[in-house]
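Q: Pasting a structure here, questions to come.
Number of protein chains: 4
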Amino acid sequence: MIIVIKDNQEKKQIENLTNWIKSLGLGIHFSQGEKTAVIGLIGDTSKVDIDLVRSLDIVESVTRIQEPYKNANRKFHPDDTIIDVSGRKFGGKYFQVIAGPCAVESEEQVISIAEAVKEAGAGLLRGGAFKPRTSPYSFQGMKLDGLEILKKAREETGMPIVTEIMSEKYIDAFLDVDVIQVGARNMQNFELLKELGKLKKPILLKRGLANTIEEWLMSAEYIMSGGNMEVILCERGIRTFETYTRNTLDLSAIPLVKEKTHLPVIVDPSHASGLSRLVEPMSLASIGAGADGLMIEVHNNPACALCDGPQAITPEQFLALQRKMDVMLPLVNKIRS
Amino acid sequence: MIIVIKDNQEKKQIENLTNWIKSLGLGIHFSQGEKTAVIGLIGDTSKVDIDLVRSLDIVESVTRIQEPYKNANRKFHPDDTIIDVSGRKFGGKYFQVIAGPCAVESEEQVISIAEAVKEAGAGLLRGGAFKPRTSPYSFQGMKLDGLEILKKAREETGMPIVTEIMSEKYIDAFLDVDVIQVGARNMQNFELLKELGKLKKPILLKRGLANTIEEWLMSAEYIMSGGNMEVILCERGIRTFETYTRNTLDLSAIPLVKEKTHLPVIVDPSHASGLSRLVEPMSLASIGAGADGLMIEVHNNPACALCDGPQAITPEQFLALQRKMDVMLPLVNKIRS
Amino acid sequence: MIIVIKDNQEKKQIENLTNWIKSLGLGIHFSQGEKTAVIGLIGDTSKVDIDLVRSLDIVESVTRIQEPYKNANRKFHPDDTIIDVSGRKFGGKYFQVIAGPCAVESEEQVISIAEAVKEAGAGLLRGGAFKPRTSPYSFQGMKLDGLEILKKAREETGMPIVTEIMSEKYIDAFLDVDVIQVGARNMQNFELLKELGKLKKPILLKRGLANTIEEWLMSAEYIMSGGNMEVILCERGIRTFETYTRNTLDLSAIPLVKEKTHLPVIVDPSHASGLSRLVEPMSLASIGAGADGLMIEVHNNPACALCDGPQAITPEQFLALQRKMDVMLPLVNKIRS
Amino acid sequence: MIIVIKDNQEKKQIENLTNWIKSLGLGIHFSQGEKTAVIGLIGDTSKVDIDLVRSLDIVESVTRIQEPYKNANRKFHPDDTIIDVSGRKFGGKYFQVIAGPCAVESEEQVISIAEAVKEAGAGLLRGGAFKPRTSPYSFQGMKLDGLEILKKAREETGMPIVTEIMSEKYIDAFLDVDVIQVGARNMQNFELLKELGKLKKPILLKRGLANTIEEWLMSAEYIMSGGNMEVILCERGIRTFETYTRNTLDLSAIPLVKEKTHLPVIVDPSHASGLSRLVEPMSLASIGAGADGLMIEVHNNPACALCDGPQAITPEQFLALQRKMDVMLPLVNKIRS
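Going down the list, the protein sequences come from chains A, B, C and D. Take the first sequence: its position 128, counting from 1, is numbered 128 in the working numbering, and each next residue is one higher. Position in the second sequence (from 1) plus 337 gives the number in the working numbering. Position in the third sequence (from 1) plus 674 gives the number in the working numbering. Position in the fourth sequence (from 1) plus 1011 gives the number in the working numbering.
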């Protein structure tokens, strides 16, 4: 960490600052220019509160050299982490597809979709039992009954299941889930992250709507610092000024995050746009950008009049998309696991 | 709600949509132009999933007429809600100041600041016992011990206390807190909001970093739909592209939110900028914009070398600011309670 | 356009509004609900100032049904526009690559790069003669001399040239340029757009840093309403809160813009990230998203110590990337022209 | 400027970089840690292209110590600049109000409003003769005829006039305007800024919709580096994800910009919200934040049915607002000039 001191500050105040830094167990490299003084901090600065230092009246600017995350940092773990979920691998040379309905609605619905996406080559089954909804008046999901349905679908198809947890109070009910998903709105629900850090179970951590890449990795670090090293990152769109799309899928984040961390990074193209016709182009774009996998909503309900165009694609569209993916994967040196 | 249909759609698909709308118990007003058809929905549309409708292939655009929030909506409750916390009033003609340290560090610290801010005219005492921190390696607060210290300070000074809850698992410990604060990162922690809705206790709901005014009011609605009508809204800055400030304090939100809702709206000027020297101008600006109160960090620790310039102001600066506020309040037709 | 009136407004005020609408030559469809009145406007609403209507005290909300752009609108021109620049085609089934150095530095540099990118299969040569720079102290380009160098490179290689104009006062000097580029910062320099609308020459219109898709299409409309129908749109990244990347490449915009307009849409992956190692993944991602072409910076200066890693890729990297593109193009039904 | 080098880079590449820095006439302070090397640049770094350095493969991060602007920098000009426009002063202890109609529509309209705002205490008259409009189909202003009307109003009332220029080709026509305004969309129209830098005439420079404070000051620097030191900055709202307001007025920018620069900073509260009822609260908020003045739209057209609620306030509302300002100004140590 490098601290630049404002011009013409009192020596006493600079000393106070350097003494405080030393009291944290850090070394100091002090360099006094003509007017500007620069303090270099030597040692593990991950515990230094950068916002506090930045707010000091004598400080002009502060720059981190060392990232504030360690377990998630590729510098300390150069090799890709590969996470194995009952044989379905995430990371490294592997490309993985999670597919299934947005919300669990019935056993029949889930099993029918599960069979279709398995047939088309998906590795894991997704489905929402607990649904985070902006409005208290919207359907909040089938909750524990939904979890049971997912487990039955797993039994029928052999596919591991991925589903979202919304509070640490449900952790016991999720112990039998294969991959626990943390939604965008809970990315900084630190109490939840801490509890997930105590498990030995893959966590799929979605990026928050307005969270930087660094904050995202710090949330992964919360889980990892508790001892659970199996974190799969999932980009799902960020909030910008543009309103034609619901969110802006930040695909430039993919190669950058993969430079910073050894964890696998997948993309959810369904939620960002909210439009099913964008799922195919944004899936291919994600592969081009270097994603380690995709999470795709697939819906199949011929009885429902509304299903001609929801944000989920049909099993037929999913199958066609899978075949296009197969052509693209060699270009980015990826194979199915 | 008004749904505009794309040009030249099949009659069958439009019928499917109108039938689905009717199945929700809503009436229809259909108007067919030369090429474009427009469907007006009649009745309580708060349960209609606007994102689902928007994602349909035949739909060009959807506009809400009725806001999706009811309890929080000024249309249905034209008079300002006034929330009384042991005689300290929020809302209507009243202006209220909450002050205290960022984090609870010791009994001596808290009581000394409490006495100073009370002397300067603050109505309530704030202090963080549980601290939401981006990094798992940062100090996470004194937790339950911190709560005890706040209660002692209340005993000593008679000031009601305001402090942040980070998980519904701590609700029992917070039952004796006067105002429970929900932090920006938990604004859409819906499980927490639901639990707070069951209490009879004022909730201070901070706006999320990247949440719209409508989402903020929907989170208030979560609490209110559970039966707890005492919600105080708190603007604390939103995330934008500007990096000179930590966040951008959205003061234009104040008069707009007050048009939309009858709930009191206060401002936290300390966190948005992260700079103590901006607290005074942004406090006066908040009053100009029509805020119902302020939450201000005050720090007092002569022993600490770093305290010459943290993001909190000193008790002396707080006192001077209070006197300036007194001059301004009549301009905006506000009085201290 | 649909105008929703606030509840309980005076009849006189609503009449004033409807009379004003009629005075613009538009028809009215008035629908009075229990409390809310809705006014539908019939006819060509592109001249109605939506911001003015929105600001009226009696108006709750306004929704456009008809887009405010006509010439650029796919509704009125369903077929893809194909722009032919000396045989290099943009749009429809064609995929086109523009490549060259960021700034024109010398004849030798430009010709050497031009030959290399032509060899690798690029269709057009790019190069900046006039450089928009945030700082007045930065190199502002070789200007008119730079234009001459580009023309010489065209003579040598036969490649049409693409270069940026920064003011309408230079239009005469640009009459011999094959494609005139409007930079992101000038996307809403309306005086410049009007002058370009008078030419018969393809215009490459970059999206502004913080401009919506609708504003981008309105700027195309400025050019087209002057009579120049040959506009190529170019996405180059938008400004968001994320600071790890210089800008966020908005690839979800590609399929959406192509729904809204018949104009070709290409992507500039070099400027968004500012990092040469992101050029390849973001190029492949752009193709996946459905782009009609790419504009890529290529640099070749073995004498320059700094050239081990600028934001431009080397001719060798460009060649390798071109071969990967060739594999991908059939997947998105595109061919080279 | 401080450059942090990535771990384990080749010595040769670091040497290339340091040699290049030296070739720019700068000194080097090199510090090699255990793994990380840090290079401090000594001298005038305003000509160093920070984006180029940041893009180098061996570079981890770059931090400016010295701001890239000089003439606009308070460090080199600690005293407030006071700009005198025919006796109306901007900056220092002075508070100035510019008022008038959005667009010039007729001589009668402009003179009538001019007289009203003069009576209420406004110092300068504003009015748009050239109007930047998103749509080519919207009214583009009375142009040169509008300028003549403004000059007549100046003759009648003695008020200096402020009006917007949209292209350098009109500079001759603006030589007799008292303050030339550069609109938000032209903040980075560098060719225009350069021409304005050659004049001896105050320039009112609005902040771009999505421009950082640093970019804004760099645009002021463009004008000042040409020799014209009279720049008045004007905050008018930035683009964020929030859609309830048209833009988000960034009042936290005011005290920060005034720390960074000696130039006067005023606020335009009318355009940010697009709602006349927000003009009063946001004006008072701007004064609280420390603005050196306000630019306010005032409209007066009893014959127009639409004028019950445009984004401009009436002369009566303006008068009432002026009286509230008078009460507030002593609080922020400001006087009218």
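Quick reminder that beta carbons are idealized off the backbone N, C-alpha and C, glycines included.
Do you know offhand how far D645 (chain B)'s Cα is from T585 (chain B)'s?
A: In the second sequence, residue 645 (chain B) corresponds to position 308, counting from 1. In the second sequence, residue 585 (chain B) corresponds to position 248, counting from 1. Residue confidence is low: D645 (chain B) scores 48 on pLDDT, short of 50, so the model does not pin down where it sits. Its coordinate-derived value is still stated next. For D645 (chain B) and T585 (chain B), the distance between alpha carbons rounds to 24 Å.
Q: Strictly below 7 Å CB to CB, what residues from chain B border V678 (chain C)?
A: Reading the third sequence from its first residue, position 4 is the one you call residue 678 (chain C). Neighbours of V678 (chain C) on chain B, chain order: I402.
Q: Please report the straight-line C-alpha distance between I486 (chain B) and G495 (chain B), rounded to a whole angstrom.
A: Numbered from 1 along the second sequence, position 149 holds the residue referred to as residue 486 (chain B). Numbered from 1 along the second sequence, position 158 holds the residue referred to as residue 495 (chain B). Each residue's Cα considered, the two are about 14 Å apart.
Q: Could you tell me the distance, in whole angstroms, from the CA atom of I739 (chain C) to the CA atom of W357 (chain B)?
A: Counting from 1 along the third sequence, the entry for residue 739 (chain C) is found at position 65. Counting from 1 along the second sequence, the entry for residue 357 (chain B) is found at position 20. Answer to the nearest angstrom: the Cα atoms are 23 Å apart.
Q: Any idea if K686 (chain C) is buried or exposed, counting beta-carbon neighbours within 10 angstroms, 16 or more meaning buried?
A: In the third sequence, counting from the first residue as 1, residue 686 (chain C) sits at position 12. Exposed, because fewer than 16 other Cβ atoms sit within 10 Å of the Cβ of K686 (chain C).
Q: In three-state terms, what does DSSP make of K763 (chain C)?
A: Position 89 of the third sequence holds residue 763 (chain C). Three-state result, K763 (chain C): strand.
Q: Quick one: is P929 (chain C) buried, meaning 16 or more other Cβ sit within 10 Å of its Cβ, or exposed?
A: Reading the third sequence from its first residue, position 255 is the one you call residue 929 (chain C). Buried, by the Cβ-count rule.
Q: State the beta-bridge partners of K206 (chain A) as determined by DSSP.
A: Residue numbering aside, residue 206 (chain A) sits at position 206 when the first sequence is read from its first letter. A:C234.
Q: According to DSSP, is G483 (chain B) helix, strand or coil?
A: On the second sequence, residue 483 (chain B) is found 146 positions in, with the first residue counted as 1. G483 (chain B) falls in the helix class under three-state DSSP.
Q: With 9 Å as the threshold, decide whether the Cβ of F888 (chain C) is near any Cβ in chain A.
A: Residue 888 (chain C) sits at position 214 when you count from the first residue of the third sequence. At residue 888 (chain C) the sequence reads Glu, which differs from the Phe that was named. Cβ-Cβ to chain A under 9 Å: yes for E888 (chain C).
Q: Flag D1068 (chain D) as yes if its beta-carbon sits less than 9 Å from any beta-carbon of chain A, otherwise no.
A: Here residue 1068 (chain D) is taken as the residue at index 57 of the fourth sequence, counted from 1. With 9 Å as the cut-off, D1068 (chain D) does not count as an interface residue toward chain A.
Q: Here's a check: name, in chain order, each residue in its chain whose Cβ is nearer than 6 Å to the Cβ of T1092 (chain D), leaving out the five neighbours to either side.
A: By one-based count along the fourth sequence, residue 1092 (chain D) stands at place 81. Cβ within range, chain order: G1102, H1273 and L1274.
Q: Between which two residues does the beta strand (DSSP E) harbouring T737 (chain C) extend?
A: Against the third sequence, residue 737 (chain C) aligns to sequence position 63. Run containing T737 (chain C): V733 to T737, per the beta strand (DSSP E) assignment.
Q: Just checking my contact of N1197 (chain D) with M1177 (chain D) at CB under 8 Å: how many whole Å lie between their CB atoms?
A: By one-based count along the fourth sequence, residue 1197 (chain D) stands at place 186. By one-based count along the fourth sequence, residue 1177 (chain D) stands at place 166. So it is a contact: roughly 7 Å between Cβ atoms.
Q: Does any C-beta atom of chain B lie closer than 9 Å to the C-beta of R1288 (chain D)?
A: On the fourth sequence, residue 1288 (chain D) is found 277 positions in, with the first residue counted as 1. So yes, R1288 (chain D) belongs to the interface.
Q: Comparing alpha-carbon positions, which option in A:I266, A:N300, A:A72 and A:S225 lies nearest S475 (chain B)?
A: Here residue 475 (chain B) corresponds to residue number 138 of the second sequence, with the count starting at 1. Restricting attention to A:I266, A:N300, A:A72 and A:S225, the CA atom closest to the CA of S475 (chain B) is found in A:S225.
Q: What first and last residue would you give for the alpha helix (DSSP H) that runs through F190 (chain A)?
A: Here the question's residue 190 (chain A) lines up with position 190 in the first sequence. Per DSSP, F190 (chain A) belongs to the alpha helix (DSSP H) from F190 to L196.
Q: Kindly indicate if chain C contains any beta-carbon less than 9 Å away from that of T1325 (chain D).
A: Within the fourth sequence, numbered from 1, the residue matching residue 1325 (chain D) stands at position 314. Not closer than 9 Å to any Cβ of chain C, the Cβ of T1325 (chain D) fails to qualify, so no.
Q: When you compare the CB of K324 (chain A) with every CB in chain C, is at least one pair closer than 9 Å?
A: What you label residue 324 (chain A) is simply residue 324 of the first sequence in a count that begins at 1. It does: the Cβ of K324 (chain A) has a partner Cβ on chain C nearer than 9 Å.
Q: Flag G611 (chain B) as yes if its beta-carbon sits less than 9 Å from any beta-carbon of chain A, otherwise no.
A: Along the second sequence, one-based indexing puts residue 611 (chain B) at 274. Taking Cβ atoms only, chain A reaches closer than 9 Å to G611 (chain B), which makes this a yes.
Q: Under 9 Å Cβ-Cβ, which residues of chain B neighbour H703 (chain C)?
A: Here residue 703 (chain C) is taken as the residue at index 29 of the third sequence, counted from 1. Ordered by position in chain B, the residues that pass the 9 Å Cβ test against H703 (chain C) are S368, G370 and V375.
Q: By a C-beta neighbour count over all protein chains shown, 10 Å radius and 16 as the cutoff for buried, is P752 (chain C) buried or exposed?
A: The residue you call residue 752 (chain C) lines up with position 78 of the third sequence. Its Cβ having fewer than 16 others within 10 Å, P752 (chain C) is exposed.
Q: When we look at the beta-carbon of T1254 (chain D) and count the other beta-carbons within 10 Å, is it buried (16 or more) or exposed?
A: Translated into positions along the fourth sequence, residue 1254 (chain D) becomes position 243. Its Cβ having fewer than 16 others within 10 Å, T1254 (chain D) is exposed.
Q: I need the DSSP call for M561 (chain B), collapsed to helix, strand or coil.
A: Here residue 561 (chain B) is taken as the residue at index 224 of the second sequence, counted from 1. In this structure, M561 (chain B) counts as helix in the three-state DSSP scheme.
Q: Check the Cβ-Cβ distances between D344 (chain B) and every residue of chain C, and say whether any is below 9 Å.
A: By 1-based counting over the second sequence, the position of residue 344 (chain B) is 7. True, the Cβ-Cβ gap to chain C drops below 9 Å.
Q: Please determine, among A:I266, A:A272, A:N228 and A:W216, the residue with the shortest C-alpha to C-alpha distance to G237 (chain A).
A: Position 237 of the first sequence, counted from the start, is the residue given in the question as residue 237 (chain A). When each option's Cα is compared against that of G237 (chain A), the closest is A:A272.
Q: In chain D, which residues lie with their C-beta within 8 Å of the C-beta of I432 (chain B)?
A: Here residue 432 (chain B) is taken as the residue at index 95 of the second sequence, counted from 1. It is Phe, not Ile, that sits at residue 432 (chain B) in the sequence shown. Under the 8 Å cutoff, chain D gives no residues; its nearest Cβ is about 14 Å from F432 (chain B).
Q: Name the one or two DSSP bridge partners that R336 (chain A) has.
A: Along the first sequence, read from residue 1 onward, the residue named residue 336 (chain A) stands at position 336. DSSP lists A:F95 as partners of R336 (chain A).
Q: Under 6 Å Cβ to Cβ from G40 (chain A), same chain only, skipping five residues before and after it: list those, please.
A: To locate residue 40 (chain A), count along the first sequence from 1; it is residue 40. The answer, listed in chain order, is I2 and H29.
Q: Chain D beta carbons: is any one of them nearer than 9 Å to that of E865 (chain C)?
A: On the third sequence, residue 865 (chain C) is found 191 positions in, with the first residue counted as 1. It does: the Cβ of E865 (chain C) has a partner Cβ on chain D nearer than 9 Å.
Q: In chain B, which residues lie with their C-beta within 9 Å of the C-beta of P1292 (chain D)?
A: Start at 1 with the first residue of the fourth sequence, and residue 1292 (chain D) comes out as number 281. Near P1292 (chain D) (Cβ distances below 9 Å), the residues of chain B are L588, S589, I591, P592, G625, A626, G627 and V669.
Q: Quick one: what's got a C-beta closer than 7 Å to D145 (chain A)'s C-beta in the same chain, skipping five residues either side?
A: Along the first sequence, read from residue 1 onward, the residue named residue 145 (chain A) stands at position 145. So the list is empty, once near-sequence residues are dropped.
Q: Taking the Cβ atom as the reference point for each residue, do L1158 (chain D) and E1179 (chain D) lie within a distance shorter than 9 Å?
A: Taking the first residue of the fourth sequence as position 1, residue 1158 (chain D) is located at position 147. Taking the first residue of the fourth sequence as position 1, residue 1179 (chain D) is located at position 168. Cβ atoms of L1158 (chain D) and E1179 (chain D): not closer than 9 Å.
Q: Output, in chain order, the set of chain D residues within a Cβ distance shorter than 9 Å of K260 (chain A).
A: Translated into positions along the first sequence, residue 260 (chain A) becomes position 260. Going along chain D, no residue has its Cβ under 9 Å from K260 (chain A), so there is no contact; the nearest lies around 11 Å.
Q: Is it the case that the segment 451-458 of chain B contacts the segment 645-660 of chain B, given that we only count it when at least three CB pairs across the two stretches are under 8 Å?
A: yes
Q: Write down every uninterrupted run of the alpha helix (DSSP H) in the segment 439-506 of chain B whose length is 4 residues or greater and which is fully enclosed by it, in chain order.
A: 444-456 and 480-494
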